[in-house]
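Numbering (my numbering), first residue to last: 10 to 376. Working notes, structure below.
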């Protein structure tokens, strides 16, 4: 059986799945058999950052369970309207590193391109939930400016496609962009940061695999999965297709309160990733983005979790706990010599003790 023979789904074309998504709190609650007592709070959060959940993802959420870790990532809460000290709309200060629309050049030898402003799913913890994507949608002429920028700086060896989610873009556009990047001699690697193969596994289709196979660039695809329950058999099959196309597969996740902030959930995630042919890469400390304080885990608690994980996972399955600190030209490890105590002058640590999460207690009480 060839890898592409694994590609079969009753849901049909990925573009149709991208259009046919759950777009309201009422629809999500009804889909999962949850009481409408959650509706007022969900509507408040939805008004600030709209709900968007594809059916392929909703099918993995446990019905009638308000504490489901996948549901928690997509259900708006009224606490998202709270304005709290230390929580900002641009926690990584990316606007300071944008020489051209759609291009972020923060690190010396690699750049990030905003290949799309759209996502298949709106995750409530997203650090770019307030990002002005409308100002970062390059025209064809502006893409040429970006390519000229890359040609002129021979220090740049790697291009990261991000967004939004870059794989929301049509394959024809992505194929043109990747082919153009491949023509720049000093570029070595193409990295793609995407949640789409997890959310809609059918996105890994023949057209996508064709342009990935065609490029001379080394290919790395970093999926974004926060919980083992996200990685069903369809996702595993999509990973098999990508590996067969010569793509190196990594995962990055965010430590999220009530989702994956335990040894058990992190161990299960790492083991399931490896079963799917994916290696854990980064575990990001929570970025204090406005509207998502209920997900916060303190750096101290995150470091303690990593220490405990050492007893349960081999070294090659241990993700690297890191924080992105504005102004630094690399991610900062949060362990050992780089423990939170050494970062006190550079980053404010927020978490359980700073902003208790009454929504979590309420969710448990009502389940």
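We put the beta carbon where it would ideally sit given N, CA and C, even for glycine. Every value quoted in this text rests on a predicted model; they were computed, and no experiment measured them.
Per DSSP, residue 228 is one residue of the beta strand (DSSP E) stretching across 227 to 233.
Inter-residue distance for residue 157 and residue 82 is about 39 Å (C-alpha atoms, whole angstroms).
Note on geometry: alpha-carbon atoms of residue 84 and residue 147 lie some 31 Å from one another. In this structure, the CA atom of residue 31 is about 11 Å from the CA atom of residue 65.
If you ignore the 5 residues before and after residue 244, its C-beta comes within less than 7 Å of the C-beta of 206, 207, 210 and 285, all in its own chain and listed in chain order. Straight across, the Cα-Cα distance linking residue 155 with residue 341 is about 28 Å. No Cβ-Cβ contact shorter than 8 Å links residue 233 with residue 271. The count of Cβ pairs closer than 8 Å, one atom from the region 253 to 262 and one from the region 294 to 302, stays below three, leaving the stretches out of contact. Contact check for residue 45 and residue 38: beta-carbon distance about 6 Å, within the 8 Å limit, so the pair qualifies.
Pairing residue 200 with residue 231 gives a Cβ-Cβ distance under 8 Å.
Counting C-beta atoms within 10 angstroms of its own C-beta, residue 273 has fewer than 16 neighbours from the protein chains shown and is therefore classed as exposed. Between the C-alpha atoms of residue 88 and residue 238 there is a straight-line separation of about 25 Å. When beta bridges are read from the DSSP output, residue 109 appears opposite 112. Contact annotation, residue 122 with residue 171: C-beta distance approximately 7 Å; criterion of less than 8 Å satisfied. For residue 158, the uninterrupted alpha helix (DSSP H) run begins and ends at 149 to 161, by DSSP. For residue 200, the secondary structure class from DSSP, reduced to helix, strand or coil, is strand.
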